[in-house]
Amino acid sequence: MQIGTTAALDDLRLRRRALRSEVNRVLHWRRLIKARIDLSVAGALLPDRLGIDAWDVLRPADSLLPDHVRMAQLVRGSGSASAVLDLPELRDIDRHLAAYGAHARSELERVTSLLVELLSQDLTEEHAGL
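Just so you know, our numbering puts 119 at position 118 of the sequence shown, and the rest follows in order with no gaps.
Right, here's the structure in full:
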């Protein structure tokens with residue numbers, strides 16, 4: 002293996018590692034944004050209180066029935082009205098993340114192809130020298 006080839010391989014490996022990390026960060030951000038969207042929508046449309054229709058059938062002890070107000074507060078968090086108003090911005094950010102992620106994945110595929118091509122050339126040259 003020649004010195005230039007070794008340097009090129011090292012550079013491609015470093016670039017590939019950086020791109021893999023970036024793709025993983027994009028995926029993590031997208032999961033967070035999508036979870037926030039889901040929580041915003043779900044928090045805005047809370048279900049009815051538990052036990053309303055089934056109280057006579059279940060006859061749960063008061064201690065078993067979760068506190069509706071507390072559950073609603075936990076689900077909605079500190080700003081329920083703003084969460085719904087944030088939906089367009091959250092969706093816009095998700096679109097930007099998707100585009101950026103596609104670009105990062107495309108670059109990762111390109112660098113990986115270059116790395117494979119360089120490695121296969123090196124192997125071909127080594128076998129030709131035998």
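Glycine included, C-beta positions come from ideal geometry on N, C-alpha and C.
Which of the three DSSP states, helix, strand or coil, is assigned to residue i?
| i | result |
| --- | --- |
| Ile53 | coil |
| Leu59 | helix |
| Pro89 | helix |
| Asp68 | coil |
| Leu98 | helix |
| Leu109 | helix |
Figure out for me which residue from the options has the closest Cα to the Cα of residue i.
| i | options | result |
| --- | --- | --- |
| Arg14 | Thr113, Ser121, Arg37 and Tyr101 | Thr113 |
| Gln74 | Val27, Leu10 and Ala45 | Ala45 |
| Val42 | Val85, Gln122 and Arg106 | Val85 |
| Arg32 | Leu120, Val117, Ile94 and Ala8 | Ile94 |
| Leu20 | Gln122, Leu119, Glu110 and Asp68 | Glu110 |
| Pro48 | His97, Ile34 and Val76 | Val76 |
| Pro89 | Asp12, Asn25 and Lys35 | Lys35 |
| Glu23 | Ala99, Leu115, Asp57 and Arg92 | Ala99 |
| Leu51 | His97, Leu66 and Ile38 | Leu66 |
| Asp39 | Glu118, Leu91, Leu119 and His69 | Leu91 |
| Arg26 | Asp68, Gly102, Met72 and Leu115 | Gly102 |
Using the rule of at least 16 other Cβ atoms within 10 Å of the residue's Cβ for burial, across every protein chain shown, is residue i buried or exposed?
| i | result |
| --- | --- |
| Ala105 | buried |
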